[in-house]
Each structure stands twice: as C-alpha cells, then as structure tokens.
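S.K.:
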Amino acid sequence: MKKLKTLSANQPLASTHKKSQSLVCPHCGFIGKRAAGFANHLRACRRRHEDEPTPTPSPDEAASEQHERREEQQEQEEARARHANTIDILEDTIDILEDTRRLAGDQITLSLPIIVLSPECRMTESPEC
Numbered sequence: 643m644k645k646l647k648t649l650s651a652n653q654p655l656a657s658t659h660k661k662s663q664s665l666v667c668p669h670c671g672f673i674g675k676r677a678a679g680f681a682n683h684l685r686a687c688r689r690r691h692e693d694e695p696t697p698t699p700s701p702d703e704a705a706s707e708q709h710e711r712r713e714e715q716q717e718q719e720e721a722r723a724r725h726a727n728t729i730d731i732l733e734d735t736i737d738i739l740e741d742t743r744r745l746a747g748d749q750i751t752l753s754l755p756i757i758v759l760s761p762e763c764r765m766t767e768s769p770e771c
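According to the working numbering, the stretch in the sequence shown is residues 643 to 771, in order.
(1) Given HIS669, which residues of its chain have a CB within under 6 Å of its CB, disregarding the five upstream and five downstream residues?
(2) Assuming GLY674 contacts PHE680 (C-beta within less than 8 Å), just tell me the rounded distance between them.
(3) Could you pull the DSSP bridge partners for LEU665 from this structure?
(4) Roughly how many whole angstroms lie between the Cα atoms of ARG685 and SER700?
(5) Just how far apart, CA to CA, sit GLU720 and ASP734?
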C-alpha cells in the first residue's frame, strides 16, 4: 500500500495541493479534506474491505473480562441472597409480633409500618435507602 502524506489532526490540505496530492482512499476513492477524518475513514474502510482484520482481544484481556463477569455475577447472587434473608427475617419478626398479640388476647395494639423497598434499594445496600 502506498504511504500517505501525514498531516496533523485537523490541518486542512493546502490550497496549492493538486487533486493527485490529496488524500484518496485506495478502496472507495473517498477524497479526504482533513487528516483526522481521513484516517478514521481509512481505518473503517480497511475493515470493510478486510485489508485490516478487526482487532481481537488478547487471551489475557479475555480472561480478565471473564473473571470480572464472574465476580460481578457472584456479587449479584450474594446481594439477592442477602435480600432474601432480610425478607425472611422481617416475615419471622412480623409472625412473632402477631403471635405475641394473639397470646396477649388482643390487649396489645400493633402498629407496624409498611416498608416497601424500591427496586434500586433492593439490589444495593446504600444508606440512602
């Protein structure tokens, strides 16, 4: 492939350039006016015409991404388990309070607040929730 004249990113071609000196894509004939835009076009055009293979992640990158996904999945499962455990504890507490009221012969009036967690608060344990 013929080496292209390099320009700074946004430097326009000089008005003295002839068409033969301008940046022309060897694949589709696109005439570039600025170096940065032409470089982006050339990279995409090479991929389209399979002159330049699409970059593939290295084995180390793929392994680290997979490891991160596994860690994230474990954290989500732990959060779900904590949430389920919290719900079980609340249900048990309510049952105990209702049993206590029944044993007291309805002499105790229970005023239980109704707590409804938003979906965001269910998955995160932030202090704002």
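A virtual CB, placed ideally from N, CA and C, is assigned to each residue, including glycine.
M.R.: Inspection of the coordinates gives the following:
(1) CYS687, HIS691
(2) 3 Å
(3) GLY674
(4) 20 Å
(5) 21 Å
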